[in-house]
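Colleague: Okay, handing you the structure first.
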Amino acid sequence: MLVQYLWSFYVLLQFWFLCRSKTLPWKLVVLFVLSGVFFVVPFTTLTVGAVHGLFGGETSDTWSVAVLTPILEEVWKLLPLGVFLLFSRRASALSLSDFTLIGAATGVGFQLMEELSRRWLNSGILDDLYGYSHTFLGGETIHWDLFALFPGRFEESFIPTMMCVSHPVHTAMIALAWGIAWRLRTRLTEWVYLFPVLILLWAILDHAAYNGQYKLPDWVFVIHEWAGDGYKTQPAFLLMLAGALIADYWSLNKVRNRLPALPNEFFIDPISELWRMASALFKNRGKFAYLLGFCRERRELGFSLLYGNDEAAGKREQVQERMLALFRALLALGAVLLLAGLLAGMAVEPAADESACFACLFDSLQNWWDRLEWYEQGAIVLGALALSLLFVGFWPAVGIALSAAGIAGSGHTIAGYIRDPKKLLTPENALAAIVGIILSRIPFGRAAEWLAKKGRGYVRKLLDKLGGRKPDADAPDRPPNEGGAGAGKPQDEPGKPDEQDKSDKHDENDKPNKQDEPSDPDKPDKPDEEKPDKDKDDDGEDDESPVAGKQYNEVEIVDHRGNPLGEFDEIDLDNGVFYEDKTAKGLDRINPRTGQPAQTPQQFADKQILGKTRTRINNLLEKAASTRPTANGSPEVPDLDEIKSIRDFVFRLDGDTPELRNAVENSLNKLRSEFPDYTFNVKYGGKP
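Numbered according to the working numbering, the sequence shown spans residues 698 to 1385.
Shown next, in the form of structure tokens:
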């Protein structure tokens, strides 16, 4: 089973490398592989069974094996592509390589499941003598060659007269033909759709002729001979793919003035992209990942500008933002390398603490390891095990793989002892360090740590009820806010007159109160109402206070370098809600110097609600590596994985006018269209 999986993965990597103008990320391609495994194969099996249930016969009959099965398999393998074209927002902006890759990935999943079944059921004398894929008259029939392009072809090894390419090649060829017809539909007539139909019939003919050898009528094999007996299919596909790559990059260069270019890059072409990636891989691996992402994002933006419809244009801003971030990183790395080259000949005095840089390597190693998902960590351990088995036995390979994972997961601890080796001189510290590392690496130790972290809030609640722990109501009051309000003063409530609004009735020379000033569009909007009011009256309100560990204030998300990516004003973990507080008072105030409002309600809503929330969600899903508390926020904050599952946003605005409501609703509708998995609501009048 594992051997077949590795072969299928190898085929997918070949397509991934050849489809140079692709814009699809790897995760999406893997989903198409899984659709071939878990959807197309069962659906095909059910369809074949339904046909036999209606018309009778056996699945081993010639009409079933050589006619029904080839038609259904080649057609149903296109279903994932059809679903994607119908429901994906970026379907109109696909490159021709994307069509090819989608078809190939679905075919890889289909053939993986088919060959797994064959390997599972293969038995008998030939299997005992020769192994998998041997027949008495044909010899080896399924060929998986390491140095062959698209291994997995079907061909008899004894006097071969015909062959059939693998499922990935057939499906990729049909999908590419469909993409070409889709691209040319506006220039040519509707008859252009005959091209993918002919390619589909060609694939069905190859499949049927191979399955029905010596059983189908002679005229079928005559037509199959005209089509090359299956030997012309792969060369024809490669010619189609080469033409598609030329067309894709030709189109990209039409809009290259609207796309960022790398240094000394005059044209966008696959050769220069491959050369830059290969150079970065061997010279500067840190730059390699940025270069991969930048080239793909730039192609996605280019095809969106060229062919994207209104739905695809809705994602254009996000793609451009990601691409520019990668572009800036590449420029920064280039500047660092240039500076290093200029200073290479200068003498450098050794630093006083030379161990610090070495310790930083272990810190970076654990930061990278902790950002991985559990299945990614498991895949790395299995990969290390598989690689070690090439050189040592099984148990030494297990030791190598677990040791590599242990070092990666204990990088901070190792770095701490490198920076201060004296910690190891104390016996109790050394023993505690060893026990801590062991407990953090073994499964039961990690489980105990996880249970302790998750159960902390429940234990606190239980202790409060039993009276074993005093409530936090007697905590000292917070210092006065900047607005002059004393500690413990309740915040403004809806419906009550704001005392500071009375200052408008005074002379114009009076200094306006800070809370009444209109919000500046260039400054972050953090009103006093955003600060959590922990002062409670002793009138029983403590019974309604949230349980510790379930509601958090001012939770900040950071990237893997510790740089801040944004802050959530309040998180209700029990109900799964993000609360964001915004100051919307004074939007209609006229600036006496300009005679215009500081910002209109729509400008306020687009910036404070649409723009910031869009950035916050993208950072949370793509860039965030961890969470941390702020100076004025809750001392304990939830983990990143805990808040990633939250899908509800509630905006609390202290203003309430018809113009503001219309503007906010416009921004919320845009957010709902961009993030359909999230819900967005608003409360006017500030915090309840």
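For each residue, glycine too, the CB sits at the ideal point set by N, CA and C.
Report yes if the C-beta distance between aspartate 1256 and aspartate 1266 is below 7 Å; otherwise report no.
Modeller: No, Cβ-Cβ distance for aspartate 1256 and aspartate 1266 is not below 7 Å.
Colleague: Going by the beta-carbon positions, is the gap between phenylalanine 985 and alanine 977 smaller than 7 Å?
Modeller: Yes, these two residues count as a Cβ contact at 7 Å.
Colleague: Please state if the CB of cysteine 861 and the CB of glycine 927 are separated by a distance shorter than 7 Å.
Modeller: Cβ distance < 7 Å, so glycine 927 and cysteine 861 count as in contact.
Colleague: Quick one: give me the first and last residue of the alpha helix (DSSP H) that threonine 1312 is part of.
Modeller: Element bounds for threonine 1312: 1309–1315.
Colleague: Rounded to the nearest angstrom, what separates threonine 766 and serine 863 at their Cα positions?
Modeller: C-alpha separation (whole angstroms): 15 Å.
Colleague: Since proline 848 contacts tyrosine 707 with CB under 8 Å, what's their CB separation in whole angstroms?
Modeller: Indeed, because the Cβ distance is near 7 Å, the residues count as touching under 8 Å.
Colleague: Candidates Ser948, Glu852, Gly990, Val952: which alpha carbon is nearest tyrosine 907's?
Modeller: Here the closest residue by C-alpha is Glu852.
Colleague: Is the Cβ-Cβ distance between alanine 788 and leucine 782 less than 7 Å?
Modeller: For alanine 788 and leucine 782, yes; Cβs fall inside 7 Å.
Colleague: Identify which residue in Leu843, Leu846, Ala845, Ser854 has its Cα closest to the Cα of glycine 835.
Modeller: Closest by alpha carbon: Ser854.
Colleague: Kindly indicate which three-state DSSP category lysine 724 falls into: helix, strand or coil?
Modeller: Three-state DSSP puts lysine 724 in a helix.
Colleague: Here's a check: name, in chain order, each residue in its chain whose Cβ is nearer than 7 Å to the Cβ of tyrosine 946, leaving out the five neighbours to either side.
Modeller: Same-chain partners within the cutoff: Ser718, Ile965, Asp966, Pro967.
Colleague: Using the C-alpha atoms, what's the distance from valine 738 back to glycine 806?
Modeller: Distance between the alpha carbons of glycine 806 and valine 738: 9 Å.
Colleague: For proline 1373, count neighbouring C-beta atoms within 10 Å of its own C-beta (all shown protein chains included) and say buried if the count is 16 or more, exposed if not.
Modeller: It counts as exposed.
Colleague: What number of angstroms, rounded off, separates the C-alpha of leucine 1307 from the C-alpha of isoleucine 1314?
Modeller: Straight-line Cα distance between these residues: approximately 11 Å.
Colleague: How long is the line joining the alpha carbons of tyrosine 1072 and leucine 776, rounded to whole angstroms?
Modeller: The straight-line gap from Cα to Cα measures roughly 28 Å.
Colleague: What are the start and end residues of the beta strand (DSSP E) that includes phenylalanine 851?
Modeller: Taken as a continuous stretch (DSSP letters only), the beta strand (DSSP E) holding phenylalanine 851 covers 850–852.
Colleague: Check whether the region 889–900 and the region 831–846 are in contact - that is, three or more C-beta pairs closer than 8 Å.
Modeller: In short, these stretches do not touch, since the Cβ pair count stays below three.
Colleague: Over the uninterrupted alpha helix (DSSP H) stretch that includes phenylalanine 979, give me the two end residues.
Modeller: Start and end: 967–980.
Colleague: Quick one: Cα of alanine 1328 to Cα of glutamate 1251, how far?
Modeller: For alanine 1328 and glutamate 1251, the distance between alpha carbons rounds to 9 Å.
Colleague: Does DSSP put methionine 859 in a helix, in a strand, or in coil?
Modeller: Of the three classes helix, strand and coil, the one that applies to methionine 859 here is coil, per DSSP.
Colleague: Beta-carbon separation of leucine 778 and alanine 872 under 7 Å?
Modeller: Against a cut-off of 7 Å, the Cβ pair of alanine 872 and leucine 778 comes out as a contact.
Colleague: Is the beta carbon of tyrosine 1249 closer than 7 Å to that of serine 1331?
Modeller: Closer than 7 Å, so yes.
Colleague: Start and end of the alpha helix (DSSP H) containing lysine 1380?
Modeller: That residue, lysine 1380, is in no alpha helix (DSSP H); its beta strand (DSSP E) goes 1376–1381.
Colleague: Looking only at its chain, what residues have a beta carbon closer than 7 Å to the beta carbon of leucine 721, apart from the 5 residues adjacent to it on each side?
Modeller: Once the five neighbours on either side are set aside, the close Cβ partners of leucine 721 are Asp795, Leu798.
Colleague: Kindly indicate the opening and closing residues of the alpha helix (DSSP H) around asparagine 1363.
Modeller: 1355–1371 is the extent of the alpha helix (DSSP H) around asparagine 1363.
Colleague: In whole angstroms, what is the alpha-carbon distance linking aspartate 915 and alanine 958?
Modeller: When rounded, the distance between both Cα atoms is 58 Å.
Colleague: For threonine 741 and leucine 902, I'd like the C-alpha separation in whole angstroms.
Modeller: Rounded to the nearest angstrom, the two C-alpha atoms are 18 Å apart.
Colleague: Taking a contact to mean a Cβ-Cβ separation below 7 Å, would you say arginine 1019 touches glutamate 997 in this structure?
Modeller: For arginine 1019 and glutamate 997, no; Cβs fall outside 7 Å.
Colleague: Over what stretch of residues does the alpha helix (DSSP H) that includes glutamine 1248 continue unbroken?
Modeller: Note, glutamine 1248: premise wrong, no alpha helix (DSSP H); beta strand (DSSP E) at 1248–1255.
Colleague: Quick one: is aspartate 1007 buried, meaning 16 or more other Cβ sit within 10 Å of its Cβ, or exposed?
Modeller: Exposed: under 16 other Cβ atoms inside 10 Å.
Colleague: Would you decide whether tryptophan 760 is buried or exposed? Buried here means 16 or more other CB atoms lie within 10 Å of its CB.
Modeller: By the 10 Å Cβ count, tryptophan 760 comes out exposed.
Colleague: What separation, rounded to the nearest whole angstrom, lies between the Cα atoms of phenylalanine 752 and asparagine 819?
Modeller: For phenylalanine 752 and asparagine 819, the distance between alpha carbons rounds to 29 Å.
Colleague: State the DSSP-derived secondary structure class of glutamate 1070, mapped to helix, strand or coil.
Modeller: Three-state result, glutamate 1070: coil.
Colleague: Taking the alpha carbon of arginine 786 as the point to measure from, which residue in Glu1319, Ser1001, Leu743, Leu710 has its own alpha carbon closest?
Modeller: Selected option, being the one with the closest Cα: Ser1001.
Colleague: First and last residue of the alpha helix (DSSP H) that includes threonine 868?
Modeller: 864–881 is the extent of the alpha helix (DSSP H) around threonine 868.
Colleague: Three-state secondary structure (DSSP) at tyrosine 987?
Modeller: In the structure shown, tyrosine 987 sits in a helix (DSSP, three-state: H, G or I).
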